[in-house]
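A short worksheet on the structure shown next.
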Amino acid sequence: MESQIIESQETGQTWLTPLGQPVASRLLSWEQRQADELLGDVFGYHAVQLGWPELQALRSNRMPHRWLAQAEFETPPAHVQLASEPVHSLCLDSRAWPWPADSLDLVVLPHALERSADPHACLREVARVLIPEGQVLITGLNPWSWWGWQQARGQRQAHASPAGTPMPSSLIAYRRLRDWLRLLGFEVQISRFGGWTPAAGSESWMQRLHWMDALGERWWPILGGVYLLMATKRAPGGRFIDGRRWRTVRSPAGATAPIARTDTLMGPTTAPKDTVESR
1341 MESQIIESQE
1351 TGQTWLTPLG
1361 QPVASRLLSW
1371 EQRQADELLG
1381 DVFGYHAVQL
1391 GWPELQALRS
1401 NRMPHRWLAQ
1411 AEFETPPAHV
1421 QLASEPVHSL
1431 CLDSRAWPWP
1441 ADSLDLVVLP
1451 HALERSADPH
1461 ACLREVARVL
1471 IPEGQVLITG
1481 LNPWSWWGWQ
1491 QARGQRQAHA
1501 SPAGTPMPSS
1511 LIAYRRLRDW
1521 LRLLGFEVQI
1531 SRFGGWTPAA
1541 GSESWMQRLH
1551 WMDALGERWW
1561 PILGGVYLLM
1571 ATKRAPGGRF
1581 IDGRRWRTVR
1591 SPAGATAPIA
1601 RTDTLMGPTT
1611 APKDTVESR
């Protein structure tokens, strides 16, 4: 019997409104492909995806226990249509996770850090709940891109309006996030970028500008609209020892065997014998 993802109710993706529907669809499609490719063979028992239920990041993963959680920055809809099968809801604060330390094998954060009120606290909680050698996959909008500029512009407009749509607290640059991960003992293993077309308002314009994706991936990858990081939590003090180092090293034939010296720099260790002067 195939294991089922334990998920919370969907909340919609209104936070992507400034980008427009064509860009939001491309963003979701790109991240879905990356998650299917990278997480299909990740081994373990417990996996959690925090936020953005439209992205089914764990659908290709085979861990027996998988959760799709709703965070505090996601506003639940006024009316929820119940699914035909029973669904286990899981709501948590991104700054205080309910799992004990060293209990999760995989954590997926699709744009969770940039939407959390305290991304540092959220990342510290991830480091706490992951087991040694556990993995985390993080996606975020690149502030140094067309998409990041459009999202930040919509964020400023939303904050200026009292009835504005809740927006991310701030976008996090790719290099800054790498530094945060290193400080928490993570080793970044995979980095990818996607989305170099401007945020156009129609799908037809996105198709016309599709050639920019090929050029951007080749010549300016770090300016992609979205980035992805996959990192592994390293155990403190742990070090891999190559099995070849355990082989016995034989001395070459005819080599002199080393012996311990009995003298020191201060002279011989034995006291000199008394001498008798001759008359």
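Residue numbering for the sequence shown follows my numbering, starting at 1341 and increasing by one per position.
Beta carbons: idealized from backbone N, C-alpha and C, even for Gly.
DSSP three-state assignment for residue i, whether helix, strand or coil
i: residue 1425; result: In this predicted model, residue 1425 has a pLDDT of only 36, less than 50, meaning its place in the structure is not dependable; the value taken from the coordinates is given anyway. Looking at residue 1425 - three-state DSSP - the assignment turns out to be coil, as it is neither helix nor strand.
i: residue 1354; result: helix
i: residue 1519; result: helix
i: residue 1368; result: helix
i: residue 1471; result: strand
i: residue 1460; result: helix
i: residue 1508; result: Low confidence applies to residue 1508: its pLDDT is 45, below 50, so where it sits in the model is not reliable, and the reading given next is rough at best. Coil at residue 1508, not helix or strand.
i: residue 1419; result: Caution is warranted here: a pLDDT of 38 is assigned to residue 1419, below 50, making its placement in the model unreliable, and no coordinate value can be reported.
Per DSSP, the bridge partner or partners of residue i
i: residue 1532; result: 1568
i: residue 1431; result: 1410
i: residue 1391; result: For residue 1391, which the question treats as bridged, DSSP gives no partner whatsoever.
i: residue 1447; result: 1388, 1476
i: residue 1436; result: 1433
i: residue 1526; result: 1573
i: residue 1481; result: 1566
i: residue 1550; result: Per DSSP, none; premise fails for residue 1550.
Cβ pair residue i, residue j closer than 8 Å
i: residue 1471; j: residue 1444; result: yes
i: residue 1452; j: residue 1411; result: yes
i: residue 1370; j: residue 1566; result: yes
i: residue 1464; j: residue 1527; result: no
i: residue 1373; j: residue 1546; result: no
i: residue 1564; j: residue 1536; result: yes
i: residue 1511; j: residue 1569; result: no
i: residue 1538; j: residue 1486; result: yes
i: residue 1413; j: residue 1400; result: no
i: residue 1576; j: residue 1525; result: yes
i: residue 1382; j: residue 1407; result: no
i: residue 1446; j: residue 1384; result: yes
i: residue 1436; j: residue 1468; result: no
Distance between beta carbons of residue j and residue i, contact taken as under 8 Å
i: residue 1354; j: residue 1475; result: About 30 Å; that fails the 8 Å criterion.
i: residue 1461; j: residue 1431; result: Residue 1461 to residue 1431, Cβ: 17 Å. No contact.
i: residue 1368; j: residue 1390; result: Actually they do not touch by this definition, with Cβ atoms about 16 Å apart.
i: residue 1491; j: residue 1359; result: 6 Å
Residue i CB to nearest heavy atom of the ligand PLP below 7 Å
i: residue 1533; result: Looking for the ligand PLP in the displayed structure turns up nothing, as the structure carries no ligands at all.
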